[in-house]
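The structure under discussion appears below in the form of structure tokens.
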Amino acid sequence: MKILVCISHVPDTTSKINFADSDTRFDTNGVQFVINPNDEFGLTRAMWFKEKQGASVTVVNVGGPETEPTLRKALAIGADEAIRVNAQPEDGFFVASQLAKVVEDGGYDLVIAGRESIDYNGGMVPGMLASLTGANFINTCIGLEIEGSEATATREIDGGKETVKCALPLIIGGQKGLVEESDLRIPNMRGIMMARQKKLTVTEAAEAPGRTSVVKFEKPAPKGEVKLVSPDKLDELIDLLHNEAKVI
Amino acid sequence: MQTSMKADLFEAPDYYHLDDLLSDEHKLVRSACREWVKREVSPVIEDFAQRAEFPEKLLGGLAEIGAFGPYIPEAYGGAGLDQISYGLIMQEIERGDSGIRSTASVQSSLVMYPIWKYGTEAQKKKYLPGLAEGKLMGCFGLTEPDHGSNPGGMTTTFRDMGDHLLLNGAKMWISNAPFADLAIVWAKNEEGRVYGLIAERGMEGFTTPETHNKWSLRASATGELIFDNVKVPKENLLPEKSGLGAPLGCLDSARYGIAWGAIGAAMDCYDTALRYARERIQFGKPIAATQLQQKKLAEMITEITKAQLLTWRLGVLRNEDRATSAQISMAKRNNVEMALRIAREARQVLGAMGITGEYSIMRHMMNLESVITYEGTHDIHLLITGADITGFGAFK
Ligand SMILES: Cc1cc2nc3c(=O)[nH]c(=O)nc-3n(C[C@H](O)[C@H](O)[C@H](O)COP(=O)(O)OP(=O)(O)OC[C@H]3O[C@@H](n4cnc5c(N)ncnc54)[C@H](O)[C@@H]3O)c2cc1C
Ligand SMILES: Cc1cc2nc3c(=O)[nH]c(=O)nc-3n(C[C@H](O)[C@H](O)[C@H](O)COP(=O)(O)OP(=O)(O)OC[C@H]3O[C@@H](n4cnc5c(N)ncnc54)[C@H](O)[C@@H]3O)c2cc1C
Chain A
1039 MKILVCISHV
1049 PDTTSKINFA
1059 DSDTRFDTNG
1069 VQFVINPNDE
1079 FGLTRAMWFK
1089 EKQGASVTVV
1099 NVGGPETEPT
1109 LRKALAIGAD
1119 EAIRVNAQPE
1129 DGFFVASQLA
1139 KVVEDGGYDL
1149 VIAGRESIDY
1159 NGGMVPGMLA
1169 SLTGANFINT
1179 CIGLEIEGSE
1189 ATATREIDGG
1199 KETVKCALPL
1209 IIGGQKGLVE
1219 ESDLRIPNMR
1229 GIMMARQKKL
1239 TVTEAAEAPG
1249 RTSVVKFEKP
1259 APKGEVKLVS
1269 PDKLDELIDL
1279 LHNEAKVI
Chain B
159 MQTSMKADLF
169 EAPDYYHLDD
179 LLSDEHKLVR
189 SACREWVKRE
199 VSPVIEDFAQ
209 RAEFPEKLLG
219 GLAEIGAFGP
229 YIPEAYGGAG
239 LDQISYGLIM
249 QEIERGDSGI
259 RSTASVQSSL
269 VMYPIWKYGT
279 EAQKKKYLPG
289 LAEGKLMGCF
299 GLTEPDHGSN
309 PGGMTTTFRD
319 MGDHLLLNGA
329 KMWISNAPFA
339 DLAIVWAKNE
349 EGRVYGLIAE
359 RGMEGFTTPE
369 THNKWSLRAS
379 ATGELIFDNV
389 KVPKENLLPE
399 KSGLGAPLGC
409 LDSARYGIAW
419 GAIGAAMDCY
429 DTALRYARER
439 IQFGKPIAAT
449 QLQQKKLAEM
459 ITEITKAQLL
469 TWRLGVLRNE
479 DRATSAQISM
489 AKRNNVEMAL
499 RIAREARQVL
509 GAMGITGEYS
519 IMRHMMNLES
529 VITYEGTHDI
539 HLLITGADIT
549 GFGAFK
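Protein chains in written order, with the working numbering: chain A, 1039 to 1286; chain B, 159 to 554.
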């Protein structure tokens, strides 16, 4: 089984977010980047398929050279090879178009993407990729088993779970549940050394103009000051809610 | 066992953008170790230290992450990484606890290193892979009850008995001794020449009583090595180097790691104090807004930054095989004292909270009292620098 894991290179969740160029560009200065958490769950599940079912695992990113450390980390964790499509990811359609070419060229049986990336939260790439490649698609996957050419996936639905079966080739939008946080792997020193020798292929981007462009980013309004009211002064609280906050 | 629910919020300071001097691989090594420490060490370390117990359950993780012999060639089970990677690993582990770093230092620099550098091919094949995997744990016996700063005066001896070597003597203050499977023991032969021998647990006459009631490195096991007519097979002698230079070569490697490790402890204290000072309100404002606390914090980050530069440069010199023992002494001495001073100041920034196990500072502070003494005391390293620049040894 050939697995492709799509890796989005995103700011660490603790990063302080700022914008540049009149609020049209994310300012990456001083920001630490990590593997998108949803993709890390997927990568970890892929490693399981590699170890238990002999799958081969390729990781791919559409991005500039600055994303290579993120791909190297995936290699150090155990992926067999990496592909970087050399282009700035302009929008979801552009990214999905690039990935579609990688999927078609590589003939993968299973493509594991994340449900959404935690930076732009588009949630579009896996669905678009499925439609561009004609593969089956299961989103918000919280469990995945493969037997022969058939997949059984568990999905999160409102108030419960749904189990579905479907044939390969398949694209999933994965999330926590594929594996748990405690299953996530920390690369070890031998893995880091071995990653040196693994193939990281850089390919040029295919022509596929983006369909959206950023007009402006805005940060949420800063939090107001906190007023503490002691529990024995409920009247004061009601007064503040009524006259100052005007919510009751 | 108690697990701390408190999140480890540590963020490493890098005031001079020294990350630009590191490769992507160095940064990956560091972030992997940092993640491991946050996940495995931080939640349990305070409890083990309070109970003065070594967390043996961390050994598997230390081995898995690759903290045992990271610079030993892959052919012998190591990772074949460079010296800066080794330093960063030590820094991150000591950020968690000096005791855990001590275990990793001893295993890598004081046990694997001498076997790798002074051992036979058969010894390397026999011991190194097991040591790298943590299936075998080692310790290093140089210090004796009557010979600490002056190891050359050692009285532990071995005699050639024809078909074996007969080892007699006692070593004291030996990290990892209580649980180690093997000990690299430094002893004199009939001619008074120092050699390293591999003593194995289970050899008749070899015992390792534990040293109790330490106020420092409480999460590290320390003990004695007692050799009472121990028959050591001849193939357990490390033949490729003899004289005091042999153990001192190991110490160079360990001291280099300690110079990095101390930065880890200092960064943790600084980071904790900075966060606390910004949040703690007295007289209606954060204590971080007072000049006195700013002086402490500003001096801490200045000293950490200088120490980072010193170790980075030393790492480059070691990668080029150009670092001298005296240069290593300077970094060990400077950085450990820097860390100890920062720990003491940081503890005060936290007021009464600083004395509790809620925060790591006092544990670091007490640990560093050992670190400033072992692997050459603060005084001895100064004498090494003094001898190096003046040409006059002032030890005797
Ligand atoms: C309107 C808009 C404008 C943007 N402009 C810019 C810009 O100017 N510069 C810039 O750098 N970025 C820009 N981006 C971000 C970039 O386009 C994103 O990489 C892309 O949109 C996918 O992000 P997403 O949040 O839509 O992904 P989602 O659809 O949420 O991602 C889901 C999954 O798809 C996969 N995936 C997503 N992105 C990649 C990728 N790049 N490589 C491999 N797999 C991937 C991952 O598995 C991920 O978990 C923009 C995004 C949007 C929505
Ligand atoms: C927790 C812990 C773990 C240790 N682990 C190990 C281990 O794994 N293996 C090992 O072999 N050893 C280990 N040691 C021992 C350590 O290396 C020694 O304690 C150290 O070398 C100092 O020796 P000493 O304690 O005998 O002090 P001494 O040598 O007696 O020194 C006492 C004081 O006198 C000073 N002094 C000594 N000589 C001079 C001089 N010429 N001029 C001026 N001042 C001088 C010293 O600086 C010190 O302040 C460990 C120690 C501790 C505390």
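All residues carry an ideal CB built from backbone N, CA and C; glycine is no exception.
Quick caveat: nothing in here was measured; it's all calculated off a predicted structure.
* **Distance between B/K454 and B/S260 (C-alpha atoms, nearest Å)** => 28 Å
* 7 Å CB neighbourhood of B/E503 in its chain, flanking five on each side removed -> K454 and M458
* Reference B/D166, options B/Y174, B/D172 and B/E204, closest by Cα -> B/E204
* **Coil, strand or helix - A/A1093 by DSSP** => coil
* Asked: Do A/E1089 and A/K1236 have their CB atoms nearer than 8 Å?
  -> no
* So, do the region 289-306 of chain B and the region 229-246 of chain B have three or more beta carbon pairs nearer to each other than 8 Å? -> yes
* **Any chain A beta carbon closer than 8 Å to B/I513** => no
* In terms of residues, what are the limits of the beta strand (DSSP E) holding B/A497? -> Looking at the DSSP string, B/A497 is not in any beta strand (DSSP E); the run it does join, the alpha helix (DSSP H), is S483 to V507.
* **Residue nearest to A/T1250 in terms of C-alpha spacing, selected from A/E1154, A/I1230, A/D1129 and A/V1149** => A/D1129
* Return no unless some Cβ of chain B is closer than 8 Å to the Cβ of A/R1122. => no
* Asked: Mind checking A/L1275: buried by the 16 CB within 10 Å criterion, or exposed?
  -> exposed
* Would you say B/I530 touches ligand 2, meaning its beta carbon is less than 7 Å from a heavy atom? -> no
* Can you list, in chain order, the residues of its chain whose CB lies under 6 Å from that of A/E1194, leaving out five sequence neighbours each side? -> T1178 and I1180
* When the cut-off is 8 Å and only beta carbons count, does B/V187 lie next to chain A? -> yes
* Pick from B/K164, B/T161, B/E169 and B/H175: whose alpha carbon is nearest that of B/L467? -> B/H175
* Asked: Beta carbon of B/C191: closer than 7 Å to some heavy atom of ligand 2?
  -> no
* Asked: Are the C-beta of B/G292 and some C-beta of chain A separated by less than 8 Å?
  -> no
* To do: Have a look at B/E393, B/M319 and B/G238 and flag the residue whose alpha-carbon is nearest the alpha-carbon of B/Q281.
  => B/E393
* Are B/K490 and B/E533 closer than 8 Å when you measure CB to CB? -> yes
* Does the region 1182-1191 of chain A come close enough to the region 1151-1161 of chain A that 3 or more CB-CB pairs lie under 8 Å? -> no
* Do A/P1128 and ligand 2 come close, with the Cβ less than 7 Å from some heavy atom? -> Sequence check: residue 1128 of chain A is Glu here, not Pro. A/E1128 Cβ: outside cutoff for every heavy atom of ligand 2.
* Asked: Under three-state DSSP, which class holds B/L375?
  -> coil
* So with Cβ pairs under 8 Å, would you call B/L239 a contact of chain A? -> yes
* Span separating the alpha-carbon of B/P397 from that of B/T278 -> 7 Å
* Asked: According to DSSP, which residues form a beta bridge with B/S333?
  -> B/T380
* Measure the CB-CB distance between A/K1265 and A/L1278 and report whether it falls below 8 Å. => yes
* Can you give me the start and stop residues for the alpha helix (DSSP H) that A/V1048 sits inside? => Looking at the DSSP string, A/V1048 is not in any alpha helix (DSSP H); the run it does join, the beta strand (DSSP E), is H1047 to P1049.
* Nearest residue (CA-CA) to B/H322, options B/P391, B/K283 and B/I530 -> B/P391
* With respect to 7 Å, is the separation between the Cβ of B/S374 and the closest non-hydrogen atom of ligand 2 below this value? -> yes
* Closer than 7 Å, Cβ to Cβ, to anything on chain B: give me those residues from the region 1203-1229 of chain A, in chain order. => I1224, P1225, N1226, M1227 and R1228
* Between B/T543 and ligand 2, is the CB less than 7 Å from at least one heavy atom? -> no
* Asked: By the criterion of Cβ-Cβ separation under 8 Å, what are the contact partners of B/D182 in chain A?
  -> E1106, P1107 and R1110
* Starting from B/L468, follow its DSSP beta bridges and name the residues at the other end. => In the DSSP output, where bridge partners are listed per residue, B/L468 has none listed.
* **Touching by the beta-carbon criterion (3+ pairs, under 8 Å), the region 1092-1107 of chain A and the region 1207-1223 of chain A** => no
* **B/K371, buried or exposed, once every other Cβ within 10 Å from all chains shown has been counted against 16** => It should be pointed out that residue 371 of chain B corresponds to Asn in this sequence rather than to Lys. So B/N371 ends up on the exposed side.
* If you count every other CB in all the chains shown that lies within 10 Å of the CB of B/T366, and 16 or more means buried, which is it? -> buried
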